[in-house]
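Protein chains in written order, with our numbering: chain U, 173 to 285; chain W, 893 to 1006.
Notes to accompany the following structure.
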Amino acid sequence: DAGVIQSPRHEVTEMGQEVTLRCKPISGHDYLFWYRQTMMRGLELLIYFNNNVPIDDSGMPEDRFSAKMPNASFSTLKIQPSEPRDSAVYFCASSTTSFNEQFFGPGTRLTVL
Amino acid sequence: ILNVEQSPQSLHVQEGDSTNFTCSFPSSNFYALHWYRWETAKSPEALFVMTLNGDEKKKGRISATLNTKEGYSYLYIKGSQPEDSATYLCAFNAGGTSYGKLTFGQGTILTVHP
């Protein structure tokens, strides 16, 4: 298996632009997680899905952030409009159950100028 | 807000030394405790998932213990090697209505000097 796939790996954009991050989980994994990693806050959960349904989005910073999972093999995290404080590494992870180990993708490094 | 604390923040040891670090978490509403290893420029990789009080897990030279009643877990590395240099993260799962949610500690940065 190729593992969790994320694209793009790096994204540089200007403030106010829309940014879309993409994730393909490991086949057969029913849980998908979006995390953000910053120096100040460490690794924090933004939202997670179970069988394509959002379960907990309490970590989504504000209305500028939205996430979707239209099918079992694809999810997007969208930021509109983007701001410099959104600059971070965004990880996607998947797992088979709610308490099993999570498999992380390579991350997307986002820079908002 | 769940508080997951890891200590020390960083650790420097010599090759061959054994070392250990601590993860503290709320002792109520325990569901699972995860340990991850995170090498620079890579992604976190799972080491252990522990669910039962008194659990002990081992993978090669790395082992972990769990005390859910007092809210702590220890990670041990025996005979550290330079390739063990990484950030070690623990993550707490409180279960309940947000059963998949992991709250991560800030990590312990381990540097093993040859």
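Note that beta-carbon positions come from the ideal geometry of N, C-alpha and C, so glycine has one too.
Ends of the beta strand (DSSP E) at residue i?
i: Arg929/W; result: Ala924 to Trp930
i: Pro226/U; result: Val225 to Asp228
i: His904/W; result: Ser902 to Gln906
i: Pro242/U; result: Phe237 to Asn243
i: Asn959/W; result: Ile954 to Asn959
i: Phe246/U; result: Phe246 to Ile251
i: Glu948/W; result: Glu948 to Lys951
Would you tell me roughly how many angstroms separate the C-alpha atoms of residue i and residue j, rounded to the nearest one?
i: Met211/U; j: Lys934/W; result: 16 angstroms
i: Ile969/W; j: Met241/U; result: 39 angstroms
i: Pro900/W; j: Val1004/W; result: 15 angstroms
i: Leu218/U; j: Val905/W; result: 35 angstroms
i: Leu894/W; j: Ser916/W; result: 11 angstroms
i: Ala956/W; j: Val941/W; result: 10 angstroms
i: Phe263/U; j: Ala986/W; result: 21 angstroms
i: Arg181/U; j: Thr280/U; result: 4 angstroms
i: Lys951/W; j: Asp258/U; result: 37 angstroms
i: Arg236/U; j: Thr185/U; result: 15 angstroms
i: Thr1000/W; j: Asn222/U; result: 30 angstroms
i: Gln252/U; j: Glu234/U; result: 10 angstroms
i: Asn272/U; j: Ser179/U; result: 24 angstroms
i: Gln189/U; j: Thr248/U; result: 16 angstroms
Have a look at the options and flag the residue whose alpha-carbon is nearest the alpha-carbon of residue i.
i: Thr995/W; options: Leu1002/W, Gly988/W, Ala983/W and His1005/W; result: Ala983/W
i: Phe246/U; options: His182/U, Gln189/U and Leu193/U; result: Leu193/U
i: Ala244/U; options: Val191/U, Ser267/U and Lys250/U; result: Ser267/U
i: Leu925/W; options: Gln274/U, Arg213/U, Met232/U and Val284/U; result: Gln274/U
i: Arg953/W; options: Thr932/W, Glu975/W and Val941/W; result: Glu975/W
i: Arg213/U; options: Gln998/W, Ser916/W, Val941/W and Thr957/W; result: Gln998/W
i: Gly908/W; options: Gly988/W, Ser972/W and Thr989/W; result: Ser972/W
i: Phe922/W; options: Leu958/W, Leu981/W and Glu937/W; result: Leu958/W
i: Met232/U; options: Gly175/U, Ser179/U, Pro197/U and Glu216/U; result: Glu216/U
i: Val176/U; options: Lys196/U, Pro226/U, Asp229/U and Glu186/U; result: Lys196/U
i: Phe205/U; options: Ile251/U, Ala239/U and Pro256/U; result: Ala239/U
i: Ser902/W; options: Gly988/W, Leu981/W, Ser990/W and Thr989/W; result: Leu981/W
i: Ser990/W; options: Glu183/U, Asp229/U, Pro278/U and His201/U; result: Asp229/U
Would you please state the rounded distance, in angstroms, between the beta carbons of residue i and residue j? I believe it to be under 8 angstroms.
i: Ser254/U; j: Tyr203/U; result: Contact flag wrong, Cβ pair sits at about 27 angstroms.
i: Thr914/W; j: Gln898/W; result: 7 angstroms
i: Trp927/W; j: Ala978/W; result: About 11 angstroms separates the two Cβ atoms, so there is no contact after all.
i: Ser919/W; j: Glu948/W; result: Not a contact, Cβ separation roughly 18 angstroms.
i: Val191/U; j: Leu285/U; result: The pair is not a contact, with the Cβ atoms about 12 angstroms apart (cut-off 8 angstroms).
i: Tyr220/U; j: Gly946/W; result: Not really, about 29 angstroms apart at Cβ, beyond 8 angstroms.
i: Pro1006/W; j: Phe276/U; result: The Cβ separation is near 28 angstroms, so there is no contact.
i: Gln209/U; j: Ala260/U; result: 6 angstroms
i: Met187/U; j: Pro256/U; result: 6 angstroms
From the DSSP output, which residues share a beta bridge with residue i?
i: Thr911/W; result: Ile969/W
i: His201/U; result: The partner list for His201/U (beta bridge, DSSP) is empty, contrary to what the question assumes.
i: Arg208/U; result: Glu216/U and Tyr262/U
i: Ala938/W; result: Tyr928/W
i: Lys993/W; result: Paired residue(s): none; Lys993/W is not in a bridge.
i: Val896/W; result: None; Val896/W has no bridge partner.
i: Asn272/U; result: According to DSSP, which records beta bridges pairwise, Asn272/U is partnered with nothing at all.
i: Thr1000/W; result: Tyr980/W
i: Gln178/U; result: Cys195/U
i: Arg281/U; result: His182/U and Val261/U
i: Phe221/U; result: Leu204/U and Pro226/U
i: Ser916/W; result: Glu897/W and Tyr964/W
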